[in-house]
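Chemist:
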Amino acid sequence: MHSRTLAELSAALHEHQISSEELTRHFLGRIERHDEILNAFVTVAAEGALASARDADKKLASGDAGPLTGIPIAHKDLFCTTGLKTSCGSKMLDNFVSPYDATVVERLKHAGSILVGKTNMDEYAMGSSNETSYYGVVHNPWDTDRVPGGSSGGSAAAVAAGLVVAATGTDTGGSIRQPAALTGITGLKPTYGRVSRWGMVAFASSLDQAGTLTHTAEDASLLLGVMAGFDTRDSTSVDRPVPDYRASLEKPLDGMRVGVVDEFFDPGLESGVATLVEQAIDAFKGLGADVERVHLPNLGLSVPTYYVVAPAECSSNLSRFDGVRFGHRASKPKDLHDLYCRSRAEGFGDEVKRRILTGTYVLSAGYYDAYYLKAQKVRHLIADDFKRAFEKVDLLMGPTTPTAAFGIGEKTDDPITMYLNDVYTIGVNLAGLPAISVPCGFDAGLPVGLHIIGNYFDEERILNAAHMYQRETDWHNQRPEAFA
Amino acid sequence: MSFDRNEFENLAFLARLDVGAEEMDGLVANLTRIIDFFEQLDQADTEGVVPMAHPLDMPQRLRDDIVTEQDRRAMYQGNAPQTDAGLYLVPRVIDRLTANE
Chain A
1 MHSRTLAELS AALHEHQISS EELTRHFLGR IERHDEILNA FVTVAAEGAL
51 ASARDADKKL ASGDAGPLTG IPIAHKDLFC TTGLKTSCGS KMLDNFVSPY
101 DATVVERLKH AGSILVGKTN MDEYAMGSSN ETSYYGVVHN PWDTDRVPGG
151 SSGGSAAAVA AGLVVAATGT DTGGSIRQPA ALTGITGLKP TYGRVSRWGM
201 VAFASSLDQA GTLTHTAEDA SLLLGVMAGF DTRDSTSVDR PVPDYRASLE
251 KPLDGMRVGV VDEFFDPGLE SGVATLVEQA IDAFKGLGAD VERVHLPNLG
301 LSVPTYYVVA PAECSSNLSR FDGVRFGHRA SKPKDLHDLY CRSRAEGFGD
351 EVKRRILTGT YVLSAGYYDA YYLKAQKVRH LIADDFKRAF EKVDLLMGPT
401 TPTAAFGIGE KTDDPITMYL NDVYTIGVNL AGLPAISVPC GFDAGLPVGL
451 HIIGNYFDEE RILNAAHMYQ RETDWHNQRP EAFA
Chain B
1 MSFDRNEFEN LAFLARLDVG AEEMDGLVAN LTRIIDFFEQ LDQADTEGVV
51 PMAHPLDMPQ RLRDDIVTEQ DRRAMYQGNA PQTDAGLYLV PRVIDRLTAN
101 E
């Protein structure tokens with residue numbers, strides 16, 4: 001049951017082959033059996049899940065059900081969920097019980113999905129390996145000595161191991177696509193503004209975007225159709241209609257113009273990964289696409305640009321954690337300043353502190369122009385590179401990550417080494433574009449992802465291309481044997 | 001570049017982070033490396049380029065000036081470390097006046 005896709009489980013529920021309660025119990029049982037090894041969940045909401053499943057079964061029986069009715073899913077632990085802990089992977093929020101639902105949570109709940117739990121993540125979504133969580137490292141189901149990627153690593157590991165059929169994530173610099181690639185699943189980051197950020201714990205507000213972690217592009221289309229749409233509570237939410245993403249999945253790719261980004265095939269790219277990605281791009285030729293090389297000349301500066309912009313926004317956003325209104329508070333503060341400084345020092349982990357300090361530095365008097373303003377200008381150059389490319393092609397392709405999953409502890413000593421892991425994904429966030437990672441093979445037994453980037457609000461075409469590729473290939477159907 | 005101790009302590013003060021003596025050296029080394037990494041940005045010719053603060057070219061939306069939120073103070077304060085009579089409590093910020101003032 002757990003090796004099936006969301007679309008297949010949805011059909012089984014609607015045909016009454018199985019009830020939502022049975023399905024939910026099955027996944028809860030798998031979480032209980034396997035999560036001790038993976039550590040993908042921070043909170044499991046068994047009781048609430050079973051109650052929702054029984055409600056869903058009534059709806060399924062009466063015919064008042066949609067494609068997500070009765071489907072067990074998990075949310076990354078930075079989406080606020082009423083009555084459940086929303087920790088953001090941090091000691092700072094270990095005691096925080098959200099008084100409301102994020103818009104994403106509300107919409108998926110309204111569509112009848114069953115919330116089975118909240119997934120582990122890098123602290124405040126700052127990390128590419130899920131090693132910075134207060135709740136410990138998440139393990140990759142394909143090799144438990146390796147990282148699942150991050151920051152949505154708990155969501156990725158949970159879906160890959162079949163502990164849940166789909167999960168939400170957020171992507172600020174690659175945090176959906178990179179873990180999806182490293183765990184052999186499909187990860188979609190929509191256009192900035194497509195999905196409401198309301199009720200997401202903010203990291204970098206001009207970059208954060210919610211998306212999906214699923215087995216297939218078809219499953220992603222079902223979730224995105226519910227998650228996307230205008231929300232008055234998010235001032236950057238875009239008011240434009242949400243297409244029926246599923247309806248255009250099967251459109252033939254004849255004449256689709258695909259640009260292969262030259263700069264993605266840099267010396268840092270492992271040859272095994274390069275070969276698999278090139279084979280995947282060849283498959284698109286077979287599907288009728290016209291493939292050409294394209295250049296994004298400023299893309300090489302996206303990592304330093306991002307690591308100025310994102311920490312600057314993070315230092316500002318995280319100033320709200322002051323030990324006064326919610327979150328961790330230091331004991332016996334001697335004055336207000338001591339309360340702030342010690343609550344934050346005790347509540348935040350090392351990587352979060354590094355980013356707050358970096359952000360404070362680049363925003364401080366005397367350095368603002370040299371770093372922050374300069375990075376914002378380079379950001380414009382990078383976005384313009386993408387704009388020019390999309391005048392010539394419909395989609396851009398390349399690898400999602402330079403290597404397959406790396407070992408736990410392998411990159412924790414040097415922050416720059418870790419940051420460079422996001423080299424292919426970060427440009428997309430700086431520009432605000434939509435992109436997906438789909439499984440395209442195995443390098444020495446570890447999954448590799450193909451990165452497909454689309455123009456603004458062109459999720460339809462991305463999902464269409466990814467789906468047609470998945471009809472031709474079998475990589476998305478592979479499951480880690482240890483969790484069969 | 002490199003930080004001297006005073007500079008770093010000022011930065012930690014601005015960020016409202018208490019940095020213990022044992023983490024100081026590691027953080028200074030990391031931060032130095034990160035800021036050095038940013039020097040690459042100088043390679044880009046940004047003469048006349050407008051800074052990009054936001055990915056979408058959109059105006060700030062306005063809404064009608066009407067009350068839409070309900071008073072949920074009691075619920076929100078359920079997460080607060082210390083409250084009294086609907087107020088958030090913090091250590092005293094103004095010294096108590098003495099009787100003869």
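Chains A and B, in that order, give the protein sequences.
For the first sequence, counting from 1, position 298 maps to 298 in my numbering; every step adds exactly one.
For the second sequence, counting from 1, position 85 maps to 85 in my numbering; every step adds exactly one.
Ideal Cβ positions, reconstructed from N, Cα and C, are used throughout, including at glycine.
A quick note: this is a predicted structure, and the numbers were derived from the prediction, not measured.
1. Quick check on DSSP: helix, strand or coil for glutamate 137/A?
2. Using only the alpha-carbon positions, how far apart do arginine 246/A and aspartate 384/A sit?
3. Please confirm if alanine 202/A has its CB atom under 7 Å from at least one CB of chain B.
4. So, helix, strand or coil for glycine 327/A, using DSSP?
5. Taking the beta carbon of histidine 215/A as the centre, do at least 16 other beta carbons fall within 10 Å, making it buried, or is it exposed?
6. How about asparagine 120/A and glycine 154/A: do their beta carbons lie closer than 7 Å?
7. Along the stretch 369-403 of chain A, where does the CB come closer than 7 Å to a CB of chain B? Name the residues.
8. Would DSSP call tyrosine 361/A helix, strand or coil?
9. Tell me which same chain residues have a C-beta within less than 7 Å of the C-beta of threonine 172/A, skipping the five on either side of it?
10. How is aspartate 244/A classed by DSSP in three states: helix, strand or coil?
11. Indicate whether at least one CB of chain E lies closer than 7 Å to the CB of valine 28/B.
12. Do aspartate 443/A and glycine 272/A count as a contact pair if the criterion is CB distance below 7 Å?
13. Among Ser319/A, His110/A, Lys285/A, Leu28/A, which has the Cα closest to the Cα of aspartate 486/A?
14. Please look up how many angstroms separate the CB atoms of lysine 85/A and threonine 46/B, rounded, as I've assumed it's under 8 Å.
15. Taking 8 Å as the threshold, find out whether the stretch 235-252 of chain A comes into contact with the stretch 429-441 of chain A through three or more Cβ pairs.
16. From tyrosine 192/A to leucine 56/B, what does the alpha carbon distance come to, in whole angstroms?
17. Identify whether proline 471/A lies in helix, strand or coil by the three-state DSSP scheme.
18. Relative to chain B, which residues along the stretch 85-96 of chain A have a C-beta separation below 8 Å, given in chain order?
19. So for serine 560/A, helix, strand or coil by DSSP?
20. Please name the residue, chosen from Thr43/A, Phe265/A, Ala180/A, Leu287/A, that lies closest to valine 277/A on a Cα-to-Cα basis.
21. Can you list, in chain order, the residues of its chain whose CB lies under 6 Å from that of glycine 359/A, leaving out five sequence neighbours each side?
22. Do valine 258/A and methionine 227/A come within 7 Å of each other at the CB atom, strictly closer than that value?
23. Can you pull out the residues from the stretch 264-288 of chain A whose beta carbon lies closer than 8 Å to at least one beta carbon of chain B?
24. Give the DSSP-derived three-state secondary structure of alanine 85/B in the structure shown.
25. Could you compute how far the alpha carbon of glutamate 101/B sits from the alpha carbon of glutamate 106/A?
26. Using a Cβ-Cβ cutoff of 7 Å, what residues of the stretch 180-211 of chain A are near chain B? List them in chain order.
27. Applying the 10 Å Cβ sphere with the 16-neighbour rule, what's the burial state of serine 302/A?
28. When burial is assigned at 16 or more other CB atoms within 10 Å of the CB, is glutamate 15/A buried or exposed?
29. Determine the chain B residues that contact aspartate 335/A at a beta-carbon separation under 7 Å, and present them in chain order.
Modeler: According to the data block:
1. Note on identity: in this sequence residue 137/A is valine, with glutamate being the wrong assignment. Valine 137/A carries a coil assignment under DSSP once its states are collapsed to helix, strand and coil.
2. 30 Å
3. Not one beta carbon of chain B lies nearer than 7 Å to the beta carbon of alanine 202/A.
4. coil
5. When all chains shown are included, histidine 215/A counts as buried.
6. yes
7. Result list: Tyr371, Leu373, Lys374, Ala375, Gln376, Lys377, Val378, Arg379, His380, Leu381, Ala383.
8. helix
9. Ala125, Phe203, Ala204, Leu207, Asp208, Ala310, Asn429.
10. coil
11. This model lacks chain E altogether, as its protein chains are A and B.
12. yes
13. Nothing in the structure corresponds to residue 486/A, since chain A is present only between 1 and 484.
14. Not really, about 44 Å apart at Cβ, beyond 8 Å.
15. no
16. So the alpha carbons of these two residues sit roughly 8 Å apart.
17. The residue you asked about is not proline; residue 471/A is arginine in the sequence shown. If DSSP states are grouped into helix, strand and coil, arginine 471/A belongs with the helices.
18. Asn95, Phe96
19. Nothing about residue 560/A can be read from this structure; chain A reaches only from 1 to 484.
20. Phe265/A
21. Pro311, Ala312, Cys314, Ser315
22. no
23. none
24. coil
25. Confidence is the limiting factor: at glutamate 101/B the pLDDT is only 47, short of 50, which leaves the residue's position unreliable, though a coordinate-based value still follows. Taking the straight line from one Cα to the other gives about 56 Å.
26. Tyr192, Gly193, Ser206
27. buried
28. Within 10 angstroms of the beta-carbon of glutamate 15/A lie fewer than 16 other beta-carbons, which makes it exposed.
29. Pro91
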